[in-house]
Amino acid sequence: MKVAVCVKQIPDPADPGALDPSTKTLKRDTKLILDESDSYGVEMALQLVDAAGGGEVTLISMAPNSEVNGLRTALAMGADQAILISDDALAGSDALGTAKVLAAAIARAEPDLVLAATESSDGYTGTVPEQIAELMGLPSVTFAKSIETTDSGVNVKRQTEAGYDDVTCPLPCLVSVTAGVVEPRYPSFKGIMAAKSKPVDEVTLGDLGIDAGSVGWAGAGQEIVAIEEAPQRDAGEIIEDEGEAHERIVAFLDELKVI
Amino acid sequence: MSVGTVWVHAEEAEGAVASISLEMLAKAREISSDVVAIVGGAGEAMATELGAHGATSVLATGDLGGALPGPAVAGAMAAAIEAGASPAAILFGTTYGGRDIAGRLSVKLDASVITNVVDLADEGGLVGTEPIFGGNSLVKTKFTTDKPGIFLVRPKSFVAEGSGGAAAAVSALPVPDLGATGAAVVTNSFVEQTEGPKLDEAAVVVSGGRGLGEADKYDLVESLASALGAAPGASRAIVDAGWVPYSYQVGQTGKVVKPDVYIAAGISGATQHLVGMKGSKTIIAINKDSEAPIFGVADLGIIGDVHKVLPKLLEALAARG
Numbered sequence: 001m002k003v004a005v006c007v008k009q010i011p012d013p014a015d016p017g018a019l020d021p022s023t024k025t026l027k028r029d030t031k032l033i034l035d036e037s038d039s040y041g042v043e044m045a046l047q048l049v050d051a052a053g054g055g056e057v058t059l060i061s062m063a064p065n066s067e068v069n070g071l072r073t074a075l076a077m078g079a080d081q082a083i084l085i086s087d088d089a090l091a092g093s094d095a096l097g098t099a100k101v102l103a104a105a106i107a108r109a110e111p112d113l114v115l116a117a118t119e120s121s122d123g124y125t126g127t128v129p130e131q132i133a134e135l136m137g138l139p140s141v142t143f144a145k146s147i148e149t150t151d152s153g154v155n156v157k158r159q160t161e162a163g164y165d166d167v168t169c170p171l172p173c174l175v176s177v178t179a180g181v182v183e184p185r186y187p188s189f190k191g192i193m194a195a196k197s198k199p200v201d202e203v204t205l206g207d208l209g210i211d212a213g214s215v216g217w218a219g220a221g222q223e224i225v226a227i228e229e230a231p232q233r234d235a236g237e238i239i240e241d242e243g244e245a246h247e248r249i250v251a252f253l254d255e256l257k258v259i
Numbered sequence: 001m002s003v004g005t006v007w008v009h010a011e012e013a014e015g016a017v018a019s020i021s022l023e024m025l026a027k028a029r030e031i032s033s034d035v036v037a038i039v040g041g042a043g044e045a046m047a048t049e050l051g052a053h054g055a056t057s058v059l060a061t062g063d064l065g066g067a068l069p070g071p072a073v074a075g076a077m078a079a080a081i082e083a084g085a086s087p088a089a090i091l092f093g094t095t096y097g098g099r100d101i102a103g104r105l106s107v108k109l110d111a112s113v114i115t116n117v118v119d120l121a122d123e124g125g126l127v128g129t130e131p132i133f134g135g136n137s138l139v140k141t142k143f144t145t146d147k148p149g150i151f152l153v154r155p156k157s158f159v160a161e162g163s164g165g166a167a168a169a170v171s172a173l174p175v176p177d178l179g180a181t182g183a184a185v186v187t188n189s190f191v192e193q194t195e196g197p198k199l200d201e202a203a204v205v206v207s208g209g210r211g212l213g214e215a216d217k218y219d220l221v222e223s224l225a226s227a228l229g230a231a232p233g234a235s236r237a238i239v240d241a242g243w244v245p246y247s248y249q250v251g252q253t254g255k256v257v258k259p260d261v262y263i264a265a266g267i268s269g270a271t272q273h274l275v276g277m278k279g280s281k282t283i284i285a286i287n288k289d290s291e292a293p294i295f296g297v298a299d300l301g302i303i304g305d306v307h308k309v310l311p312k313l314l315e316a317l318a319a320r321g
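Here the protein sequences line up with chains E and F, keeping their order. So the first sequence is numbered by our numbering: it starts at 1 and just counts up by one. So the second sequence is numbered by our numbering: it starts at 1 and just counts up by one.
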């Protein structure tokens with residue numbers, strides 16, 4: 001079974017983000033790491049390939065400056081190889097432009113199954129997986145809690161507002177994976193060493209046959225017209241607990257007529 | 001004052017029109033005098049409520065026969081646009097179905113999607129407002145093409161309000177042949193029963209985070225919620241850790257809540273969490289790290305250990321009867 005997993009390399013969420021004032025995009029000048037949201041898809045892919053008795057897991061990532069730091073983390077978990085699209089012309093791409101690039105790169109891996117997170121932790125548009133599926137003409141199941149392969153396709157438990165749905169879907173297809181549904185493995189020392197020599201195929205827009213005018217700033221169908229500070233909440237009362245703070249909470253709830 | 005026709009994707013929830021759909025209708029009729037509700041399913045049962053909230057007409061696909069809404073509804077919308085319909089804007093709620101349809105439709109129309117919208121205004125063209133960095137900043141975004149503007153709107157951004165309109169007339173929105181893309185089919189639906197008030201409707205919410213230390217300690221949050229008639233919630237960290245189900249999650253991923261009182265116990269206040277609860281009327285936070293960002297939004301902040309404060313609080317509440 002061949003599985004392609006979309007992974008995003010993002011600035012460390014522990015560092016406060018900032019917008020570049022001239023381009024109004026997220027600054028990405030620090031070393032990028034694997035988006036934690038994507039580690040669940042990587043784990044899911046590894047488990048599915050194991051369950052199928054063999055196959056390969058190919059990572060697909062679009063990142064500036066030939067960044068591979070996050071890819072190495074996923075390769076160390078056990079993925080076999082990666083396709084990295086890094087091209088200066090991609091700066092400023094909107095979600096649709098990103099999906100076009102990822103879809104073209106995924107096609108090169110000729111996967112049976114495409115996995116993605118439901119949304120990235122930094123941009124969180126949450127539209128890319130379904131855009132990829134449509135671009136590739138694939139059926140899809142989003143917000144998967146679990147995936148099981150069958151003779152003809154996949155059975156997916158899909159998160160809903162009220163609970164979950166059982167969904168069946170033939171292969172090839174795309175499934176987006178909800179965070180937290182599997183326990184991503186920690187890379188072993190052996191895995192980390194092996195990852196250093198696993199193939200990362202770096203491709204350009206030209207390699208993918210994509211016109212630079214359809215992606216990046218040139219192809220983005222939206223622009224930021226203003227950035228404003230949000231209204232701040234008034235500073236609250238902050239007290240240190242010295243054993244009696246619960247009384248202040250009770251009094252406060254009383255004032256609020258909650259009790 | 002009208003931007004042209006606005007389509008609003010209307011979803012059903014528990015036998016009625018979902019509140020996110022009614023919220024979007026209220027905003028849509030502020031910016032347009034021609035508001036069309038789009039239903040992926042049977043439209044008749046919803047026509048009265050949709051009309052009473054400002055929909056001037058309803059386009060409905062009819063029963064989807066278990067197909068997921070993404071490809072079917074996007075296909076039907078694109079076919080209608082191909083046939084001459086020209087909505088200036090198409091509004092979707094940030095829901096499981098809404099995101100799928102918006103993504104599929106954006107490819108079919110080769111049009112961008114503005115996501116995480118919390119406000120929408122006609123400023124000589126529609127401008128969406130989206131929070132970034134946990135809501136510390138707001139960006140305003142507009143489209144650069146003449147294609148229909150696809151917006152994904154966050155729940156509770158607008159207030160649902162009746163318009164006094166009559167039941168909207170329902171017309172068919174036929175679903176074209178979807179080929180392979182329509183092959184995913186729902187075979188069974190399961191409802192997870194929760195006790196007490198619903199998380200996104202409760203007047204009081206008590207949420208727990210990693211500061212609880214271990215899964216068993218979530219009992220403290222449930223006990224406090226029960227004592228206050230509140231809904232229990234959670235940060236993403238403990239949902240990802242498997243302590244509580246995803247349906248408990250408050251935040252960017254998860255539910256947006258705006259209760260009268262929000263109590264955050266052992267939650268540091270990561271961006272992803274703040275986006276989902278910052279709109280609460282009053283916020284009480286308990287955390288042992290005085291530098292935790294949650295204190296920046298708290299009306300009452302207790303710098304202390306939840307394992308000490310919560311048991312005493314429960315005792316004091318019990319003593320009041």
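Glycine included, each C-beta is placed from N, C-alpha and C at the ideal position. Bear in mind the structure is a predicted one, so any value in this text is a computation, not a measurement.
F/R320 is classed as exposed because its beta carbon has fewer than 16 other beta carbons within 10 Å across all chains shown.
At the C-beta level, F/I31 and F/L120 come within 8 Å of one another. When C-beta distances to chain F are compared with 7 Å, the residues of the segment 134-150 of chain E below that value are E134, L135, G137, L138, P139, S140, V141, T142, F143, in chain order.
Minimum Cα-Cα distance from F/E214 among the listed residues F/E222, F/A230, F/W243 corresponds to F/W243.
Residue pairing by DSSP places E/N155 opposite E/E148, E/T168 in a beta bridge. Excluding the 5 residues flanking it on each side, E/L26 has same chain C-beta neighbours closer than 8 Å at P11, G17, A18, L19, D20, D122, G123, in chain order. In this structure, E/G70 sits away from E/I106, with a CB-CB distance that is not shorter than 8 Å. F/V159 counts as exposed, since fewer than 16 other C-beta atoms from the protein chains shown sit within 10 angstroms of its C-beta. With the criterion set as a beta carbon lying under 8 Å from some beta carbon of chain E, the members of the segment 112-144 of chain F are S112, V113, I114, T115, N116, V127, P131, I132, F133, G135, N136, S137, L138, V139, K140, T141, K142, F143, T144, in sequence order. In the three-state reduction of the DSSP assignment, F/N188 falls in the strand class, which pools E and B.
Counting of Cβ neighbours within 10 angstroms places E/P231 among the exposed residues, the total staying below 16. Contact annotation: the segment 73-80 of chain F does not touch the segment 126-135 of chain F, with fewer than three C-beta pairs closer than 8 Å. Classified as exposed, E/T23 has fewer than 16 neighbouring CB atoms from the shown chains inside 10 Å of its CB. For F/V256 and E/D254, the gap between their C-alpha atoms comes out near 25 Å.
The bridge partners DSSP lists for F/K142 are E/E223, F/V127. Secondary structure at E/S66: helix, using DSSP grouped into helix, strand and coil. Flagged as an interface residue toward chain F: E/C169, by a C-beta distance shorter than 8 Å. A residue is called buried once 16 or more other Cβ atoms fall within 10 Å of its Cβ, and E/D35 is buried on that count. Around the Cβ of F/A88, a 10 Å sphere holds 16 or more other Cβ atoms; the residue is buried. According to the DSSP assignment, F/V170 belongs to the beta strand (DSSP E) that extends over 169-172. Between F/E12 and chain E, the shortest Cβ-Cβ separation is not below 8 Å. For F/L313, the CB contacts under 8 Å within the same chain, skipping 5 residues up- and downstream, are L224 in chain order. Within chain E, no residue has its beta carbon less than 8 Å from that of F/D177; the closest one is some 13 Å off.
With contacts defined by Cβ atoms closer than 8 Å, E/L84 and E/Q131 do not form a contacting pair.
Annotation note: the segment 3-49 of chain E contains the following uninterrupted beta strand (DSSP E) runs of length 3 or greater, listed N- to C-terminal: 9-11, 32-34. Chain-ordered, the chain F residues with CB closer than 7 Å to the CB of E/G126 read R99, T115.
Neighbours of F/G182 across chain E, judged by C-beta separation under 8 Å: P139.
Taking CB atoms only, F/G15 has no neighbour in chain E less than 8 Å away. The C-beta of F/R29 comes no closer than 8 Å to any C-beta of chain E. Between the C-alpha atoms of F/E49 and F/V17 there is a straight-line separation of about 7 Å.
Beta-bridge partners of F/N287 (DSSP): F/I303.
Taking E/V181 as the centre and dropping the five residues before and after it, the same chain places the C-beta of Y40, M44, A144, K145, S146 closer than 8 Å to its C-beta, in chain order. Contact of E/Y164 with chain F is assigned, a C-beta pair being separated by under 8 Å. Residue pairing by DSSP places F/H9 opposite F/I38 in a beta bridge. Looking only at F/A45, F/I81, F/T61, the smallest Cα-Cα distance to F/V175 is reached by F/T61. In the DSSP assignment, the residues bridged to F/P232 are F/V206.
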